[in-house]
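Chemist: As they're listed, the protein sequences go chains Y and B.
Per full-length UniProt numbering, residue 1 is the first one in the first sequence, and the count goes up by one each step.
Per full-length UniProt numbering, residue 1 is the first one in the second sequence, and the count goes up by one each step.
The C-beta atom is built at its ideal place from N, Cα and C for all residues, glycine as well.
Protein chains: 2
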Amino acid sequence: MTEDIGAFVPGPRVRIEGQPGGPLSGLTFAAKDLFDVAGVPTGGGNHDWPTGRPVPTRHSWAVQTLLDAGATLIGKTITDEVSLGILGENAFDGTPVNVRAPGRVPGGSSSGSAAAVAAGICDTALGTDTGGSVRVPSSFCGLYGIRPTHGRIDTTGMLPQAPTSDTTGWFARDAATFARVSSVMLGEAIPTALPNKLIVAVDAFGFADPDVAEALKPMVERLTMVIGGVREEIMAPQGLSVWARAQRTLQPVEAYNTFKDWLDTGNPRFAFSVAKALVMGSLTPPAEQSWAALMRQEARGRMRYLLPAGTILCLPTTPFPAPLRGQPLSVLDPLRDRITCLCAQGGLAGHPQVNLPGAAVGGLPVGLSIIGARGSDATLVAVAQAMERAAGA
Amino acid sequence: MTEDIGAFVPGPRVRIEGQPGGPLSGLTFAAKDLFDVAGVPTGGGNHDWPTGRPVPTRHSWAVQTLLDAGATLIGKTITDEVSLGILGENAFDGTPVNVRAPGRVPGGSSSGSAAAVAAGICDTALGTDTGGSVRVPSSFCGLYGIRPTHGRIDTTGMLPQAPTSDTTGWFARDAATFARVSSVMLGEAIPTALPNKLIVAVDAFGFADPDVAEALKPMVERLTMVIGGVREEIMAPQGLSVWARAQRTLQPVEAYNTFKDWLDTGNPRFAFSVAKALVMGSLTPPAEQSWAALMRQEARGRMRYLLPAGTILCLPTTPFPAPLRGQPLSVLDPLRDRITCLCAQGGLAGHPQVNLPGAAVGGLPVGLSIIGARGSDATLVAVAQAMERAAGA
Numbered sequence: 001m002t003e004d005i006g007a008f009v010p011g012p013r014v015r016i017e018g019q020p021g022g023p024l025s026g027l028t029f030a031a032k033d034l035f036d037v038a039g040v041p042t043g044g045g046n047h048d049w050p051t052g053r054p055v056p057t058r059h060s061w062a063v064q065t066l067l068d069a070g071a072t073l074i075g076k077t078i079t080d081e082v083s084l085g086i087l088g089e090n091a092f093d094g095t096p097v098n099v100r101a102p103g104r105v106p107g108g109s110s111s112g113s114a115a116a117v118a119a120g121i122c123d124t125a126l127g128t129d130t131g132g133s134v135r136v137p138s139s140f141c142g143l144y145g146i147r148p149t150h151g152r153i154d155t156t157g158m159l160p161q162a163p164t165s166d167t168t169g170w171f172a173r174d175a176a177t178f179a180r181v182s183s184v185m186l187g188e189a190i191p192t193a194l195p196n197k198l199i200v201a202v203d204a205f206g207f208a209d210p211d212v213a214e215a216l217k218p219m220v221e222r223l224t225m226v227i228g229g230v231r232e233e234i235m236a237p238q239g240l241s242v243w244a245r246a247q248r249t250l251q252p253v254e255a256y257n258t259f260k261d262w263l264d265t266g267n268p269r270f271a272f273s274v275a276k277a278l279v280m281g282s283l284t285p286p287a288e289q290s291w292a293a294l295m296r297q298e299a300r301g302r303m304r305y306l307l308p309a310g311t312i313l314c315l316p317t318t319p320f321p322a323p324l325r326g327q328p329l330s331v332l333d334p335l336r337d338r339i340t341c342l343c344a345q346g347g348l349a350g351h352p353q354v355n356l357p358g359a360a361v362g363g364l365p366v367g368l369s370i371i372g373a374r375g376s377d378a379t380l381v382a383v384a385q386a387m388e389r390a391a392g393a
Numbered sequence: 001m002t003e004d005i006g007a008f009v010p011g012p013r014v015r016i017e018g019q020p021g022g023p024l025s026g027l028t029f030a031a032k033d034l035f036d037v038a039g040v041p042t043g044g045g046n047h048d049w050p051t052g053r054p055v056p057t058r059h060s061w062a063v064q065t066l067l068d069a070g071a072t073l074i075g076k077t078i079t080d081e082v083s084l085g086i087l088g089e090n091a092f093d094g095t096p097v098n099v100r101a102p103g104r105v106p107g108g109s110s111s112g113s114a115a116a117v118a119a120g121i122c123d124t125a126l127g128t129d130t131g132g133s134v135r136v137p138s139s140f141c142g143l144y145g146i147r148p149t150h151g152r153i154d155t156t157g158m159l160p161q162a163p164t165s166d167t168t169g170w171f172a173r174d175a176a177t178f179a180r181v182s183s184v185m186l187g188e189a190i191p192t193a194l195p196n197k198l199i200v201a202v203d204a205f206g207f208a209d210p211d212v213a214e215a216l217k218p219m220v221e222r223l224t225m226v227i228g229g230v231r232e233e234i235m236a237p238q239g240l241s242v243w244a245r246a247q248r249t250l251q252p253v254e255a256y257n258t259f260k261d262w263l264d265t266g267n268p269r270f271a272f273s274v275a276k277a278l279v280m281g282s283l284t285p286p287a288e289q290s291w292a293a294l295m296r297q298e299a300r301g302r303m304r305y306l307l308p309a310g311t312i313l314c315l316p317t318t319p320f321p322a323p324l325r326g327q328p329l330s331v332l333d334p335l336r337d338r339i340t341c342l343c344a345q346g347g348l349a350g351h352p353q354v355n356l357p358g359a360a361v362g363g364l365p366v367g368l369s370i371i372g373a374r375g376s377d378a379t380l381v382a383v384a385q386a387m388e389r390a391a392g393a
């Protein structure tokens, strides 16, 4: 497979061999350029980010964990600027090619990681997911991808954005690799027991494009076969758009607070859309923030109620497949807002979510997500394996 | 004088000889990178501005006029991004050195033009002034500088920002050169008759730092000697800060409208402060805009009342000399707001204004401005000459 898809950050490619003999021996991985690699400046997808910052002297926890388990690091990948973006178009470093959907965006912000795995350049890759940054590129590039339970994976050495939503995730092309990597990252074996109740989030299926809902039907049927005990529920009684509004209120405020000292002292350059998100974060009225914090509590309560141990919920990961590259903001902004309607529960409630590939609309991948109880990450990976087996059967 | 002061845009330096035998023969000039020069991309101080735009095939009116009059173009100078800035620190191209105030900003947005003239690299230079972009660097660099009557100078081939405030101006180190260039640009002889009434804007002197007001006293006394008929008046009965608020409301809205298609289709990179100004412009409530438009009418009426033919008004050009380079936005933003309090009348009312050098605070230049009736540009230049003669006498 060609490597010329613009997935890696410009400049010399870093390579660090994994420890011999580990459970991931023989695998290669890439790391989103938010993860520290010792001796390499962390770029953060913004050319002014590294200025005046020390070069990391230690690997981030995630990179160290994969190296210790035997995987070999083959490069650092392009990210949307300081992970603020969901489509994967970076004004500094360009847009990685989505080999599964040529002419389309890869999704972001973990754009280069998803693109590199989709292109077969590496076996797995580290991403981050605050508002959808692993889930969306997984869906658009046709990959397995996980947003783990919030707070479960050590984020040491990962450039933060909105810490109450930030997570470390990863991608793979096949369920077996996905399970190997997940077992190492989660620090537990992938179980054999599966959940026995399945919720279909009817509001989320209704919100997706009709052809996406249609394309996902066979996967939902397969999932029903694998899990059993299916029932339909509204996931967000207050409205998906209301949950999205809460997330779109809280996340930019938190991002602004993360970066405000840098903005003040460095006056760094950003693509207009990124700067705008930060400005909007700085302008959010306290009453909006208070309301959003309460809505987050409601969403947490709802997800906890829906998802006791042994139950999973499924929904379309994205409402549509990957949009075309290079479109105006006036086209992309409403698309981004629709994506947030399906992704907001991740940042709000912090439950683990896995994207399952296997469907397409007009040849373009689109994924089915499964969400479980907090801490049930490994069980979701087990479901992914069972689904792949069922598809092959 | 060294040329290594970072005043010119990166890349090969353009040079175009002036027509032989013209009134400006023997003079050299530079053009702010908002003015088209045939065959050279217009950079606009932002590395994403030239993308996808045709290279100009004609000179801007101002460049053509100076060339036709015999002056030789020796380069294009750094500007704040799309002229949005008043201090002269450009995140893409750097900060030109202010040789008159080392370690300090040159002022902007016509930063490179002012810096180059101050350093003796050229005799004159073209700038633009929307909210103070000629006046402020004139004050900070100790130069003669003019913001002409709004609408008087043809702006063809000049990158616009807020057209109802935009003007083309120029700088010089001495009054004789200033008069030669002004006569050509204004298309009229510099008169010998001087105004005979002088207004001292007491609100503006009260608003400036006390040591600036004190340092300007000898110049005001000299001006009184030259003009006679002195009286004190409040320039802005509604408040300098109220006029500034109106200008700070109208100008970003207009700038946003100028650039919004580019923002939408290009999602260009900007320094955070510049993007923020554009975002704020896009968010301004219509009621604020309506109020500001009415205040502009009040300001116009007031300036017309104060300045019949034969009367000029004087005020400090800036409330303080050039601030230190490289300060945080939290320090610079309040300084910028104070500058606007003394500059707002230019954009609001469109009267001509000339900065007279000759004072300093702690060795740092600070200028005295004179403002006249609309169309009295040449008379203000005559006053500049008379002041230089009086200082030498």
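Scan the segment 329-356 of chain Y for residues whose Cβ lies nearer than 8 angstroms to a Cβ of chain B and list them as they occur along the chain.
Modeler: Hits within the stretch, in order: L329 and S330.
Chemist: Closer than 8 angstroms by C-beta to E254 of chain B: which residues in its own chain qualify, once you throw out the five before and the five after it? Chain order, please.
Modeler: Excluding residues within five positions, the ones whose Cβ falls inside 8 angstroms are Q161, A162, P163, T164, S165 and G281.
Chemist: What residues in the segment 256-277 of chain Y bring their beta carbon closer than 7 angstroms to a beta carbon of chain B?
Modeler: So the close ones are L263, D264, T265, N267, P268, R269, F270, A271, F272, S273, A275 and K276.
Chemist: Considering just the uninterrupted stretch of the beta strand (DSSP E) at S369 of chain B, what are its terminal residues?
Modeler: Its beta strand (DSSP E) spans residues L364 to I371.
Chemist: Out of Y:T340, Y:V105 and Y:P195, point me to the one whose CA is closest to L307 of chain Y's CA.
Modeler: Ranking the options by Cα distance to L307 of chain Y, first place goes to Y:P195.
Chemist: In chain order, what residues of the segment 380-392 of chain Y put their CB closer than 9 angstroms to some CB of chain B?
Modeler: Here the close residues number zero.
Chemist: Got a sec: is the Cβ-Cβ distance from V97 of chain Y to anything in chain B below 8 angstroms?
Modeler: False, the Cβ-Cβ gap to chain B never drops below 8 angstroms.
Chemist: With a CB to CB cut of under 7 angstroms and the five nearest residues on each side skipped, what residues in its chain are close to C141 of chain B?
Modeler: Around C141 of chain B: N98, R100, P106, G107, A114, A115, A118 and P365.
Chemist: Let's test the definition: count the other Cβ atoms within 10 Å of the Cβ of M1 of chain Y and tell me whether it reaches 16, buried, or not, exposed.
Modeler: Caution is warranted here: a pLDDT of 46 is assigned to M1 of chain Y, below 50, making its placement in the model unreliable, and the coordinate value is therefore given only provisionally. With fewer than 16 Cβ atoms within 10 Å of its Cβ, M1 of chain Y is classed as exposed.
Chemist: For the alpha helix (DSSP H) that contains A125 of chain Y, what are its first and last residues?
Modeler: First-last for A125 of chain Y: T124 to T128, but that is the beta strand (DSSP E), not the alpha helix (DSSP H).
Chemist: Could you name the residues of the same chain whose beta carbon sits closer than 8 angstroms to that of H47 of chain B, not counting the 5 residues immediately before and after it, in chain order?
Modeler: Here the set comprises F92 and R269.
Chemist: Which residues of chain Y have a Cβ atom closer than 8 angstroms to the Cβ of A91 of chain B, listed in chain order?
Modeler: Under the 8 angstroms cutoff, chain Y gives D48, N267, P268 and R269.
Chemist: Nearest by alpha-carbon distance to R152 of chain Y: which of Y:F259, Y:S60, Y:T167 and Y:Q327 is it?
Modeler: Per the Cα distances, Y:T167.
Chemist: So which residues of chain Y does V253 of chain B contact, with C-beta pairs closer than 7 angstroms?
Modeler: None at all; the shortest Cβ gap to chain Y is about 15 angstroms.
Chemist: How big is the Cα-Cα spacing for R147 of chain B and G326 of chain B?
Modeler: Approximately 27 angstroms between the Cα atoms of the pair.
Chemist: Skipping 5 residues on each side, what residues in its chain have a beta carbon closer than 8 angstroms to that of A189 of chain Y?
Modeler: Correct list, in chain order: S183 and A378.
Chemist: Which of the three DSSP states is assigned to M387 of chain B in this structure?
Modeler: It is helical.
Chemist: Comparing C-alpha positions only, which one of Y:V274, Y:A236, Y:R222 and Y:D337 sits nearest to V202 of chain Y?
Modeler: Measuring from the Cα of V202 of chain Y, the nearest candidate turns out to be Y:A236.
Chemist: Take the Cβ of Q385 of chain B as the centre, count every other Cβ of all protein chains shown within 10 Å, and call the residue buried at 16 or more, exposed below.
Modeler: Burial call: buried.
Chemist: Within 10 angstroms of its Cβ, does Y144 of chain Y collect 16 or more other Cβ (buried), or is it exposed?
Modeler: Result: buried.
Chemist: In the DSSP assignment, find the alpha helix (DSSP H) that holds A271 of chain B and state where it starts and stops.
Modeler: Here A271 of chain B belongs to no alpha helix (DSSP H); instead the beta strand (DSSP E) covers R269 to A271.
Chemist: Judging by CA-CA distance, which residue of B:M295, B:G131, B:D68 and B:G44 is the nearest neighbour of M158 of chain B?
Modeler: When each option's Cα is compared against that of M158 of chain B, the closest is B:G44.
Chemist: Decide if P102 of chain Y is buried, meaning its Cβ has at least 16 other Cβ atoms within 10 Å, or exposed.
Modeler: Exposed: under 16 other Cβ atoms inside 10 Å.
Chemist: Can you give the Cα-Cα distance for P135 of chain B and A309 of chain B, rounded to whole angstroms?
Modeler: The residue you asked about is not Pro; residue 135 of chain B is Arg in the sequence shown. Roughly 22 angstroms between the two C-alpha positions.
Chemist: Report the residues of the segment 279-298 of chain Y with a CB closer than 9 angstroms to any CB of chain B, ordered along the chain.
Modeler: Those residues of the segment 279-298 of chain Y that come within reach of chain B (Cβ to Cβ, closer than 9 angstroms) are V279, M280, S282 and L283.
Chemist: Does the beta-carbon distance from R58 of chain Y to A71 of chain Y come in below 8 angstroms?
Modeler: Contact: no.
Chemist: For chain B, is any of its Cβ atoms less than 8 angstroms away from the one on M1 of chain Y?
Modeler: Low per-residue confidence applies at M1 of chain Y: pLDDT is 46, beneath 50, and the placement is therefore not dependable enough to give any value.
Chemist: Hey, out of B:L313, B:D211 and B:T317, whose CA is closest to I227 of chain B's CA?
Modeler: If we check each option's Cα against that of I227 of chain B, B:L313 comes out closest.
Chemist: In terms of alpha-carbon separation, which member of Y:L27, Y:S273, Y:V63 and Y:G127 lies closest to P36 of chain Y?
Modeler: The displayed chain sequence assigns Asp, not Pro, to residue 36 of chain Y. Comparing Cα-Cα distances from D36 of chain Y to each of Y:L27, Y:S273, Y:V63 and Y:G127, the minimum goes to Y:V63.
Chemist: Output the distance between the C-alpha atoms of F29 of chain Y and C122 of chain Y, rounded to the nearest integer angstrom.
Modeler: Rounded to whole angstroms, F29 of chain Y to C122 of chain Y spans 5 angstroms at the Cα level.
Chemist: On a CA-only basis, which of Y:R374, Y:I78 and Y:L335 is nearest N324 of chain Y? Give me that one, please.
Modeler: At residue 324 of chain Y the sequence reads Leu, which differs from the Asn that was named. Of the listed residues, the one whose Cα sits closest to L324 of chain Y is Y:L335.
Chemist: With distances taken from CA atoms, which of B:A244, B:L66 and B:A7 is nearest S109 of chain B?
Modeler: Here the closest residue by C-alpha is B:A7.
Chemist: Suppose you measure from the CA of L368 of chain B to the CA of L315 of chain B; what does that come to, to the nearest Å?
Modeler: Distance between the alpha carbons of L368 of chain B and L315 of chain B is about 6 angstroms.
Chemist: Identify, in the order they occur along the chain, each residue of the same chain with its Cβ nearer than 6 angstroms to the Cβ of A390 of chain B, setting aside the five sequence neighbours on each side.
Modeler: For A390 of chain B, where only same-chain residues beyond five positions count, the Cβ hits under 6 angstroms are R222 and V226.
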